[in-house]
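Chains as they are written, first to last, in the working numbering: chain H, 1 to 235; chain G, 1 to 300. Below is one structure, written out as structure tokens, with a few remarks after it.
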Amino acid sequence: MLELRNVSAAYGNIQVLHNIDIEINSGEIITLIGANGAGKSTTLMAISGIVPVRSGKILFEGKSIHTLSPDKLVAQGICQVPEGRHIFPALTVQENLDMGAFLRNDSEGIKEDLDYVFSLFPILAERRSQDGGTLSGGEQQMLAMSRALMARPKLLLLDEPSMGLAPLIIKQIFEIVKKINKDHNTTIFLVEQNANQALHIADRGYVIENGVITISDNAENLLHNQDIQKAYLGI
Amino acid sequence: MDYFIELFFGGLTRGSIYALIALGYTMVYGIIGLINFAHGEIYMIGAFTSFIVATVLSIYGFPLLAIVVIAGLAAAVWSSAYGYTIEKLAYRPLRKAPRLAPLISAIGMSIFLQNYVLLAQTSDFLPFPALIPDFEFMEPVAHIVGSSDLAILVLTTLVMIGLTFLIKFTKIGKAMRATAQDKTMAVLVGINVDRVISATFVIGSALAAIGGMLIASHIGQINFYIGFIAGIKAFTAAVLGGIGSIPGAVLGSLVLGLTESFATGYISSDYEDVFAFSLLVLILIFKPSGLLGKAETKKV
């Protein structure tokens, strides 16, 4: 479904990604794990068209997409929940969700998806007329994910959904990620520092170090890989 | 008491005109963080456009109401075209440049437009036709509140209700607020930010043009320089209310208009600007973010 071929990306003169190859098939949950500053978020921003691709190719459903503008990518079905959640603070919960469906005009389908996200996160229904900025961290993460779902994405990019949240909430968020994947066969690309949790729900995983993919394997093998246990799982 | 009421309504009229211009400053600042110094010139171009259209139409004997509506629309459309073009030519290429660069570009645009109108039109004051007739029902109070004051108050109130509706409930309005709050995220949900910024300039310019027509008809004369002082005053009003805040721009404008009106009426018209700008200095000292503005907090 999504394929990164030999992708390099840079912020100005500082090259962050070096010839990265990643392949994601339809319906999979793929995780990208790595330390701070390894290039995880940059990878997502390159897919979303925010960070320009220096060389290499990004293919989505067989078509080259790395020259498209970010709004065109959303229209194609690639949605990102960025690191730090980026809730519109002075828009209500409902308006935040409306913004997620910005490019859609099918009011029936929007209504359906609204019911769906409220069934995933009932707390958001209770808070729908409250400003997004007044929500707690966990609620904001729920809202950010729901907002992305309102675009009915084919590929959902999640950047550190567990960051700064309590363990109980993290568990809930990961369960929901799994559920979203099952309910709508939504392909998920999950970037995480919380490697243990991520590998438990993922099908396959990639490890990135200093902008280079060093290991790629199925999640089970990665969980038992001794190097990874030492570096990322704290065992 | 009559005198007080007269000054009060005079101040409201003045303030609501300022508000029409200040909204453009505040909306543009809210969305791209730029003080659009060419905005006063947009207002001046609106006044000139409505002057030309109104003059032509009155030669052909159109009824007054038709003249007001057509001249107002023409001014709004023409000024919007200017606002749209200015953004595209002078600000968009500098979107990623340091903040000072577009600011200087804006000042350059302002000077350019003043001189362009000076050369293309005239340096003289032109008598502007009174577009608002004396209403009969206003006769008993005409010595306190003029018909033109009333018309301006009603029209600006309607325009502001329309604007509030647009920003609160329409898709483009929500997209504008979203873009102002978090540009990266706005891009990530698929909003075409360039288009939203253009829309902001178009709306702000249309409001300024309507303000230009109304005040020109109220005062009765225009020239190429009127945009400068009106622009500075409206900018003051926007800062007073808290730049970036839409209700703030309206409140700041009314406060400024009333202050000027009372200062002129009770003290001396020589001190009109002194009071206006002293108010600004006081606000900046005691409440730097303005009456309704939020203090900028930076998360580390």
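The beta carbon of each residue, even a glycine, is placed where N, CA and C say it ideally should be.
- The alpha-carbon separation between G:Ile191 and G:Ala142 amounts to approximately 50 Å.
- Shown here, H:Asp217 sits in a strand according to DSSP, grouped into three states.
- DSSP lists H:Leu158 as the bridge partner or partners of H:Val81.
- What H:Asp98 touches in chain G, judged by beta-carbon distance under 7 Å, is Lys174, going in chain order.
- Not a single C-beta of chain G is nearer than 8 Å to the C-beta of H:Phe189.
- Taking a 10 Å sphere around the C-beta of G:Gly61, we find fewer than 16 other C-beta atoms and assign the residue as exposed.
- Taking 8 Å as the CB threshold, G:Asp182 lines the interface with chain H.
- For the C-beta of G:Leu188, the chain H residues within less than 8 Å are, from N- to C-terminus, Ser48, Ile50, Pro70, Val74, Cys79, Gln80, Pro82, His86.
- Judged by DSSP secondary structure, H:Ser8 falls within the beta strand (DSSP E) whose first and last residues are 2-11.
- When 8 Å is used as the limit between beta carbons, H:Glu108 is near no residue of chain G, the shortest such separation being about 17 Å.
- With respect to the 8 Å criterion, H:Leu233 and H:Ala195 are classified as neighbours on the basis of their beta carbons.
- H:Pro161 has a beta carbon lying at 8 Å or more from every beta carbon in chain G.
- A residue is called buried once 16 or more other Cβ atoms fall within 10 Å of its Cβ, and G:Ala178 is buried on that count.
- Not a single CB atom of chain H sits nearer than 8 Å to the CB of G:Asn115.
- Taken in chain order, the complete beta strand (DSSP E) segments of 3 residues or longer contained in the region 54-120 of chain H are 78-81.
- At a cut-off of 8 Å between beta-carbon atoms, G:Ile191 makes contact with chain H.
- Residues of chain G with a Cβ closer than 8 Å to the Cβ of H:Ala90 are, in chain order, Arg177, Gln181.
- Taking all protein chains shown into account, G:His39 has 16 or more neighbouring C-beta atoms within 10 Å of its C-beta and is therefore buried.
- The Cβ of G:Met185 sits closer than 8 Å to at least one Cβ of chain H.
- With a cutoff of 8 Å on beta-carbon distance, H:Leu157 and H:Ile78 are scored as near each other.
- H:Gln141 sits close to H:Leu165, with the two beta carbons spaced by under 8 Å.
- With 16 or more other Cβ atoms inside 10 Å of its own Cβ, H:Glu192 counts as buried.
- Membership of H:Leu143 in any beta strand (DSSP E) is not indicated; the residue belongs instead to the alpha helix (DSSP H) covering 137-149.
- Rounded to whole angstroms, the Cβ separation of H:Ile58 and H:Leu4 is 5 Å, and the two are in contact under 8 Å.
- Short of 7 Å from the beta carbon of G:Thr200, and not among the five residues preceding or following it, lie these beta carbons of its own chain, in chain order: Met27, Val28, Ile31, Met176.
- Here G:Ile215 has Ile17 as same chain residues with Cβ atoms under 7 Å from its own Cβ, once five neighbours each way along the sequence are excluded.
- Of H:Gly138, H:Ile180, H:Leu149, the smallest CA-CA separation from H:Pro167 is found for H:Gly138.
- Residue pairing from DSSP places H:Gly34 in a beta bridge opposite H:Ile208.
- Boundaries of the alpha helix (DSSP H) harbouring G:Asp194: 193-219, taken from the DSSP string.
- Within the region 12-91 of chain G, the complete alpha helix (DSSP H) runs of at least 4 residues fall at 39-59, 64-86.
- C-alpha of G:Leu284 to C-alpha of G:Gly290: approximately 7 Å in a straight line.
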